[in-house]
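Undergrad: My questions will all concern the structure given below.
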Amino acid sequence: MSDKLTPLDAAFLEVEDSDRHANLSIGAVVVAEGPTPTDDDLIERLSTRIRSLPHAADRIHAIPLDLAAPTWVPDPNFDPARHFTRIGVPSPGRMCDLTDTVAWIMSERLDRDRPLWQCWLIEGLEDCRWAILVKAHHSLIDGVTGARLFDVLFDKPLTSGPPTDNEAPKGPKSLYGKIIGFYCSTLRAPQRLARRSVRIAEGTAQLAGDLLIPSANSSLNGPIGHQRRYGTAQVRMHDVRTICSAFDVTVNDVALACVTSSLRSLLLHRKEDISRHAVRTLVPVSVRASNTGTSFHNEVSLMLPFLPVEIEDPVDRLQTIHRRLSRHKNGGESGSGQTITAAAQYAPFMSSAWFIRLAMRVPQRSIVTVVTDVPGPTEKRRLLGREIIGIYPYVPIAVRLRLGFAILSYHDQLAFGITADYDSVSEVQLLSMSVEQEVASLLRSTRNPSSAGEFH
43 MSDKLTPLDA
53 AFLEVEDSDR
63 HANLSIGAVV
73 VAEGPTPTDD
83 DLIERLSTRI
93 RSLPHAADRI
103 HAIPLDLAAP
113 TWVPDPNFDP
123 ARHFTRIGVP
133 SPGRMCDLTD
143 TVAWIMSERL
153 DRDRPLWQCW
163 LIEGLEDCRW
173 AILVKAHHSL
183 IDGVTGARLF
193 DVLFDKPLTS
203 GPPTDNEAPK
213 GPKSLYGKII
223 GFYCSTLRAP
233 QRLARRSVRI
243 AEGTAQLAGD
253 LLIPSANSSL
263 NGPIGHQRRY
273 GTAQVRMHDV
283 RTICSAFDVT
293 VNDVALACVT
303 SSLRSLLLHR
313 KEDISRHAVR
323 TLVPVSVRAS
333 NTGTSFHNEV
343 SLMLPFLPVE
353 IEDPVDRLQT
363 IHRRLSRHKN
373 GGESGSGQTI
383 TAAAQYAPFM
393 SSAWFIRLAM
403 RVPQRSIVTV
413 VTDVPGPTEK
423 RRLLGREIIG
433 IYPYVPIAVR
443 LRLGFAILSY
453 HDQLAFGITA
463 DYDSVSEVQL
473 LSMSVEQEVA
483 SLLRSTRNPS
493 SAGEFH
């Protein structure tokens, strides 16, 4: 049975078709230690679990002349083994050798004549380590649902004990309580709808204004090539939570502060403009409802804040980011993005496809980078009995964005994956170092405010 792609899912294919250098595959690099698994063990794991993911055994079927959106159709020749590859990194197998290998793999597009995912076993890492790279097209999954791929690969977590009093499920309400609740909800509905409509209208106007106002000229915005660079950074979640508690901010605020610091360092290194309007970022926002957990369609909206690269002090940068994100969230911008993508479902697909192709011909100069933050497993996990010591995300770049940052939490780690255009951004190591230094600087400032800014 076929399943039509949503306009947002199909848009990722259209963007890729309109730019021969774009490759809109997302990924995650899982690093483990211990004996490297055999091909048969991993293929058996994939074979027994991969079909639990919607469309993992389907391929894209395009409709001629764009008369309708593409559909997912079963691949009659589906074989998980055809999606699995084993490769070794160059000796001595350092982290930089792994990231170079990942960049090479992620530079290549997926074959649309097959289901749009791959699994690569990367062996030869130092200290008896190896890695798994899971690669999937953005039309198949978004960042949140992509994290569910871990459940396909990883061993089942240890079952927890019975729920505590606070976690125990509540019994059903009485019929009387349900009637009263429904009556009160009905009375409040028009007021809630009116408030939501006003917020969405304001947010839509804000989004439109953001897109029309260009960022300052920067070498970070421009045509991209076919090849990619990839870098990673990792900080302790305990340190991030200490910073959050000290300055009353969120983990996402701290992550964006790290990105801001790295971009500031890069622009200063290049002796470029670091004004207030130097770097606008696209921040995807998941709008997935709790009752749609089984949906694998992309369900994201966006915000377009400027990152305060012009601010020298790390604490001031962090607090500025917190205020700006709060304004964007409270202004209805993320809700308006969801409304726009939802409305696209009622437009003829042909017009949507042609609009994307036309838009791709107009160089956008408003957005400089993309930053996506995805929650990962909260407890230690294992893969075929081997302990997983790190997970690093990968975000694609396109439409003149030469840099992208993906952030993923795992146990007591917050990992950053940095995607860069090979030809125009060679300073990936500088970006990685700046991310880790920002957390160290903010952590130092929680103990001694006078030391903030030591690294800048």
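Note that the numbering used here has the sequence shown beginning at 43, numbered continuously upward. C-beta atoms are modelled at their ideal positions from N, C-alpha and C, and glycine is treated no differently.
1. Check whether the region 102-110 and the region 137-144 are in contact - that is, three or more C-beta pairs closer than 8 Å.
2. Straight-line CA distance for leucine 367 to isoleucine 68?
3. Among Trp159, Ala297 and Ala320, which residue has its Cα nearest to the Cα of aspartate 184?
4. Can you tell which of Glu429, Pro49, Met345 and Phe458 has its C-alpha closest to the C-alpha of threonine 274?
5. Could you tell me the alpha carbon to alpha carbon distance between arginine 486 and leucine 450, rounded to whole angstroms?
6. To the nearest angstrom, report how far apart leucine 324 and threonine 80 are at their CA atoms.
7. Considering only the alpha carbon of each residue, which of Arg278, Val144 and Arg154 lies closest to histidine 97?
8. If you follow the beta strand (DSSP E) that serine 67 is part of, which residue opens it and which one closes it?
9. Hey, could you find the ends of the alpha helix (DSSP H) cysteine 286 is sitting in?
10. Of the choices Asp415, Pro326, Glu86 and Val57, whose alpha-carbon is the least far from that of histidine 370?
11. So is proline 157 buried or exposed if we call it buried at 16+ other beta carbons inside 10 Å?
12. Quick check: proline 438 and alanine 448, are their CB atoms within less than 7 Å of each other?
13. DSSP on arginine 87, reduced to helix/strand/coil?
14. Where does the unbroken alpha helix (DSSP H) through lysine 371 begin, and where does it stop?
15. Would you be able to state if there are at least three C-beta pairs under 8 Å between the region 422-435 and the region 254-270?
16. Since proline 326 sits in a beta bridge, which residues does DSSP pair it with?
17. Looking at the structure shown, is alanine 440 part of a helix, part of a strand, or coil, going by DSSP?
18. Please classify threonine 362 as buried or exposed, where buried requires at least 16 other C-beta atoms within 10 Å of its C-beta.
19. Using alpha carbons as the reference points, say which of Glu150, Gly427 and Leu195 lies closest to glutamate 58.
20. Starting from leucine 175, trace the beta strand (DSSP E) in both directions and tell me its first and last residue.
21. Would you identify the three-state DSSP class for asparagine 490, choosing helix, strand or coil?
22. DSSP three-state label for serine 451, please.
23. Is the region 191-200 touching the region 407-423 in the sense that three or more CB pairs, one from each, lie closer than 8 Å?
24. Return helix, strand or coil for asparagine 294, following the three-state DSSP convention.
25. Verify whether the separation of the beta carbon atoms of valine 518 and valine 291 is less than 7 Å.
26. Between Val296, Ala258 and His364, which lies nearest to glutamate 314 when the distance is taken from Cα to Cα?
27. Under 7 Å Cβ to Cβ from isoleucine 353, same chain only, skipping five residues before and after it: list those, please.
28. Nearest to threonine 414 by alpha carbon, out of Asp295, Leu167, Ser133 and Leu55?
29. Which class does glutamate 469 belong to by DSSP, given the choice of helix, strand or coil?
30. Quick one: grab the DSSP three-state call for isoleucine 7.
31. So, leucine 47 versus isoleucine 285, is the Cβ gap smaller than 7 Å?
32. At the level of alpha carbons, what is the spacing between glutamate 478 and tryptophan 162?
33. For leucine 217, which residues of its own chain have a beta-carbon under 8 Å away from its beta-carbon, when the five flanking residues on both sides are left out?
TA: Let me lay it out:
1. no
2. 25 Å
3. Trp159
4. Phe458
5. 23 Å
6. 40 Å
7. Arg154
8. 67-75
9. 279-289
10. Pro326
11. buried
12. no
13. helix
14. 356-372
15. no
16. Leu344
17. coil
18. buried
19. Glu150
20. 171-179
21. coil
22. strand
23. yes
24. helix
25. For the chain, the structure presents residues 43 to 498; residue 518 sits outside this window and is missing.
26. Ala258
27. Arg359 and Thr362
28. Asp295
29. coil
30. This structure cannot settle anything about residue 7, because the visible part of the chain is limited to 43 through 498.
31. no
32. 28 Å
33. Caution applies to leucine 217, whose pLDDT of 41 falls short of 50 and renders its modelled position unreliable; the value that the coordinates give is listed next. Result list for leucine 217: empty, nothing under 8 Å.
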